[in-house]
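Chemist: Let me give you the structure first, and then I'll get to my questions.
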Amino acid sequence: MTSAAHGPVGTAELLVRDAELLVVDDGREIAGGWVAVSGGRVTAVGPAGGEPEAQRTVSAAGRLVTPGLVNTHHHIYQNLTRSYGPAVNGSLFDWLTTLYPLWAGLDEEAVYVSAYVGMAELLMGGCTTSSDHLYVHPQPLLVDAEIRAARDIGFRFHATRGSMTRSVEDGGLPPRSVTQTEDEVLADSERLIRAHHDPEPGALVRVALAPCSPFSVTRELMIATAELAERHDVRLHTHLAEDRDEDTYCRETYGCRPVEYFEDTGWMTDRSWVAHCIHPNDAELRRLAAAGVGVAHCPSSNMLIGGGTARVREMRELGLPVGLGCDGSASTDHASLWLETRGALLLGRYRGGPGAMTARDALDIATRGSARCLGRADELGHLRPGACADLVVWDLHEVALAGALTDPVEAWLRCGPARAWMTVVGGRVLVERGEPVLPGLAEALRHHGRIARRLQDVG
């Protein structure tokens, strides 16, 4: 427990007080605590009795307050094809080949409204920062459209410029309509970095480079993308070792396993974080850990597709940064980071027994671990003074909490469902009393419905 205020105390812009428990950081919790915010940063935290004056004061009485959850892997545009009947019971490769033709109909409007709706959903699930992996590009400027949505909302966003260059005709999975040439990918990647990437502390928008997977781009593009990321000091992201079929494909195409190929193309660096990472062997895990590669663990996607799940406990023991991802709606059909955090708790205990994962471990993965994956452990994933003012006040119905008297963090994941009662990003309240404070949401939902029906040929 922390027993004293930390940081300078003056008149704050926002004060959240009287929390049943304030989680400041891993191992630092304050019963009855408060957090003060000014200028988009946490200025102080402390126990009851030392609160500063504030322009606005919010009572979190009876509620848990945590750092905002951080999403390290998503495909937001896929919320336009949620629970698409012909794809729901297929393997990874089955649903990809079923949905690629639908996603060929994406345009700027579709990506903008899917991002706006998707970010609203993330905020309702306690997510204050998200990456997004947009790798289908049937038209130009699609990443710009989702960045525009993030800026309109005030959401903290890491856009990853995805790519696919190997179509069915080249031995890959996607149709030609959603792939690009290497020159197109590299030119647009550099344009996006110059136009949108903000390297400054507290940035709301950053850009990373993200070829979809080892089986969807050429070796030459993997190498060139790593070199481009090095030149511009941006991060790298891709899917890796997600499916047994990927292992077979890499052996037949490249003569090696996926992690070997990843290393051979220059990606084995602490600039990289990868999605899923289910099937590396022990030696490969050690190499990934030694290089500082991060892993985006996607529990719900793993369970719905049924292809296995990451060895999270072993990864963390080796020192790999492990964060959480909700993955795309094509495989997960929701964007609740709370639900993913609970999924991480359940899967961890299912794999390793009751001592393998606690609620605090899962929360640490969803906050500090995810922030490490995005290269932002200094200012995200905790509520220490100086951190970005990204926080969540959680609400559980009193019926769900009945009898939960001894541990608010365990109750938060065990007794749900929990929903963000208030979500704050950079000091701005974007969810209040459980509802998004987003003036464009109703219109975005109307357009989203129209576009989803068009893509799915429904109605």
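Using numbering that gives the first Met the number 0, read the sequence shown as starting at 0 and increasing by one per residue. For glycine and all other residues, C-beta sits at the position ideal for the given N, C-alpha and C. Note that the coordinates shown come from a computational prediction; the quantities given were computed from them, not determined experimentally.
1) How should H136 be labelled, buried or exposed, when 16 other C-beta atoms within 10 angstroms of its C-beta is the threshold for buried?
2) Where R165 and L303 are concerned, what is the direct C-alpha to C-alpha distance, given to the nearest angstrom?
3) Where I450 and V116 are concerned, what is the direct C-alpha to C-alpha distance, given to the nearest angstrom?
4) Which value, in whole angstroms, describes the spacing of the CA atoms of Q455 and E245?
5) Less than 8 Å between the CB atoms is what I'm expecting for L68 and A365, so what's the real figure, rounded?
6) Quick one: what's got a C-beta closer than 6 Å to A3's C-beta in the same chain, skipping five residues either side?
7) Report, in whole angstroms, the separation of the C-beta atoms of Y134 and L105, which I expect to be a contact under 8 Å.
8) Report the option in V398, L437, W420, R383 whose CA atom is closest to the CA atom of D24.
9) Taking Cβ to Cβ, would you say V22 is nearer than 8 Å to V34?
10) Roughly how far, in whole angstroms, is the beta-carbon of E439 from the beta-carbon of A388, given that I think they are within contact range, below 8 Å?
11) Please list the terminal residues of the continuous alpha helix (DSSP H) segment that includes M356.
12) Going by DSSP, name the residue or residues bridged to I29.
13) Please look up how many angstroms separate the CB atoms of A103 and V177, rounded, as I've assumed it's under 8 Å.
14) Run the CB neighbour count on S37, radius 10 Å, all protein chains shown included, and call it buried at 16 or more, exposed below.
15) Need the endpoints of the beta strand (DSSP E) that M123 sits in, please.
16) Any idea which residues DSSP pairs S162 with across the strands?
17) Using the three-state DSSP reduction, which class does S130 fall into: helix, strand or coil?
18) Am I right that A370 and A376 are in contact with their C-beta atoms under 8 Å? What's the rounded C-beta distance?
19) Can you check DSSP and say which residues form a bridge with P435?
20) Would you mind working out which of I152, P298, V398 sits nearest Y349, comparing C-alpha positions?
21) Quick one: what does DSSP say T1 is sitting in, helix, strand or coil?
Modeler: Let me lay it out:
1) Classification for H136: buried.
2) Cα atoms of R165 and L303: separation of roughly 26 Å, rounded to the nearest angstrom.
3) Those two C-alpha atoms are separated by around 13 Å.
4) The straight-line gap from Cα to Cα measures roughly 28 Å.
5) Going by Cβ atoms, the distance from L68 to A365 rounds to 5 Å, so yes, they are a contact pair.
6) Summary for A3: the model assigns pLDDT 46, below 50, so the residue's position carries little reliability; its value from the coordinates is reported in the next sentence. Taken in chain order, the list of residues that qualify is empty.
7) Rounded, the Cβ-Cβ distance is 11 Å, inconsistent with contact.
8) In terms of Cα proximity to D24, the closest of V398, L437, W420, R383 is R383.
9) No, the Cβ-Cβ distance between V22 and V34 is not below 8 Å.
10) Residue identity differs from the one stated: residue 439 is Gly in this sequence, not Glu. Between A388 and G439 the Cβ distance is about 23 Å, and since that is not below 8 Å, they are no contact.
11) Where M356 is concerned, there is no enclosing alpha helix (DSSP H), because DSSP gives it neither an H nor an E.
12) Residue pairing for I29: DSSP places it in a beta bridge opposite L21.
13) For A103 against V177, the beta-carbon gap comes to about 5 Å, under 8 Å, which counts as contact.
14) Answer is buried; the Cβ neighbour count reaches 16.
15) If you look at M123, you'll find it isn't in any beta strand (DSSP E); it sits in the alpha helix (DSSP H) that goes 107 to 123.
16) The partner list for S162 (beta bridge, DSSP) reads P210.
17) Three-state result, S130: strand.
18) So it is a contact: roughly 5 Å between Cβ atoms.
19) Partner residues in the beta bridge of P435, as assigned by DSSP, are V430.
20) Out of I152, P298, V398, P298 has the C-alpha closest to the C-alpha of Y349.
21) Below a pLDDT of 50, predicted positions are generally treated as unreliable, and T1, at 38, falls in that range; the measurement from the model is reported next regardless. If DSSP states are grouped into helix, strand and coil, T1 belongs with coil.
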